[in-house]
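Number of protein chains: 2
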Amino acid sequence: MQRVGFTFRIKPELKDEYKKAHDNIWPEMAEAIRKCGIHNYSIYFKPDGTLFACLEVEGDYQKQMAELSRTDVNKRWQEYMDRFFVKEDKSVTGPEIETLEEVFHLD
Amino acid sequence: MQRVGFTFRIKPELKDEYKKAHDNIWPEMAEAIRKCGIHNYSIYFKPDGTLFACLEVEGDYQKQMAELSRTDVNKRWQEYMDRFFVKEDKSVTGPEIETLEEVFHLD
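As they're listed, the protein sequences go chains G and A. If you number the first sequence the way this note's numbering does, the last residue is 107 and the count never jumps. If you number the second sequence the way this note's numbering does, the last residue is 107 and the count never jumps.
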């Protein structure tokens, strides 16, 4: 099991809508995430629009994420989410993710 | 069980030292954290010095943190950490913490 933390940005004024969309995540999207071995996945909001995500994944994170990104449902979800994201590079599909280094862990 | 995410800041140039200190956390400090019902506690570093922390806690987070902050070992640990922190309000003991709102969770 691998732990992963990453950050990306949304337009802060759209936070309530973003949360609502995630409260009502499509069952097939949740299923696709789980199928890629991802669990205990939380996203936290900072009022400046920064989102901080942490998750646990079985197997190799990069490989599992590549697999997830190839699914049809993920492509549709990212299109649905696109108007929330703040990105430097608009050509990026989905959020512009910055992976973070874990500097501490206590089981 | 409650999940909590929060953020605080350190001087980015001191990251390696901060990580080293946490790789070698005092056993009595780790024990004090566990005694307060805190587990699965990770801290992630963003290159601008922002730290993101996420943890799980049994019982009430505010109460458990208040309990932890009263321990002698925690006071000594925060003094030891003090030079790493970036704070607007220097009178704050320990890191200047901003609690984050969870906008998504998938078990």
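Built from N, CA and C at the ideal position, the CB exists for glycine as well.
Do the CB positions of residue i and residue j come within less than 9 angstroms of each other?
i, j, result
"residue 19 of chain G", "residue 101 of chain A", "yes"
"residue 9 of chain G", "residue 95 of chain G", "yes"
"residue 36 of chain G", "residue 2 of chain G", "no"
"residue 17 of chain G", "residue 38 of chain G", "no"
Looking at C-alpha atoms only, which residue of the options is the closest neighbour of residue i?
i, options, result
"residue 104 of chain A", "G:14, G:77 and G:21", "G:21"
"residue 46 of chain G", "G:32, G:29, G:31 and G:15", "G:15"
"residue 29 of chain G", "G:88, G:75 and G:107", "G:75"
"residue 4 of chain A", "A:17, A:86 and A:52", "A:52"
"residue 44 of chain A", "G:80, G:7, G:57 and G:68", "G:7"
"residue 27 of chain A", "A:66, A:67, A:77 and A:70", "A:77"
"residue 72 of chain A", "A:32, A:25, A:24 and A:23", "A:32"
"residue 25 of chain G", "G:80, G:68, G:54 and G:67", "G:80"
Give the C-beta separation of residue i and residue j to the nearest angstrom, bearing in mind that I take them to be a contact with Cβ-Cβ under 8 angstroms.
i, j, result
"residue 12 of chain A", "residue 59 of chain A", "Not a contact, Cβ separation roughly 34 angstroms."
"residue 41 of chain G", "residue 106 of chain A", "4 angstroms"
So that I know if they touch, is there some Cβ in chain A lying closer than 9 angstroms to that of residue i?
i, result
"residue 15 of chain G", "yes"
"residue 103 of chain G", "yes"
"residue 61 of chain G", "no"
"residue 45 of chain G", "yes"
"residue 80 of chain G", "no"
"residue 30 of chain G", "yes"
"residue 68 of chain G", "no"
"residue 98 of chain G", "yes"
"residue 7 of chain G", "yes"
"residue 34 of chain G", "yes"
I'd like to know if residue i contacts chain G, where contact means its C-beta is closer than 9 angstroms to some C-beta of that chain.
i, result
"residue 51 of chain A", "yes"
"residue 54 of chain A", "yes"
"residue 91 of chain A", "no"
"residue 83 of chain A", "no"
"residue 74 of chain A", "no"
Between which two residues does the beta strand (DSSP E) harbouring residue i extend?
i, result
"residue 42 of chain G", "38-45"
"residue 103 of chain A", "98-106"
"residue 9 of chain A", "2-9"
"residue 56 of chain G", "50-57"
Within the continuous alpha helix (DSSP H) that includes residue i, where are the two ends?
i, result
"residue 17 of chain A", "15-23"
"residue 73 of chain A", "72-81"
"residue 87 of chain A", "Careful: residue 87 of chain A lies outside any alpha helix (DSSP H) and carries neither H nor E."
Please find out if some non-hydrogen atom of the ligand ATP comes closer than 8 angstroms to the beta-carbon of residue i.
i, result
"residue 100 of chain G", "This structure lacks the ligand ATP, and indeed carries no ligand of any kind."
Name, please, each residue of chain D whose Cβ falls closer than 7 angstroms to the Cβ of residue i.
i, result
"residue 19 of chain G", "Included in the structure are the protein chains G and A, with no chain D among them."
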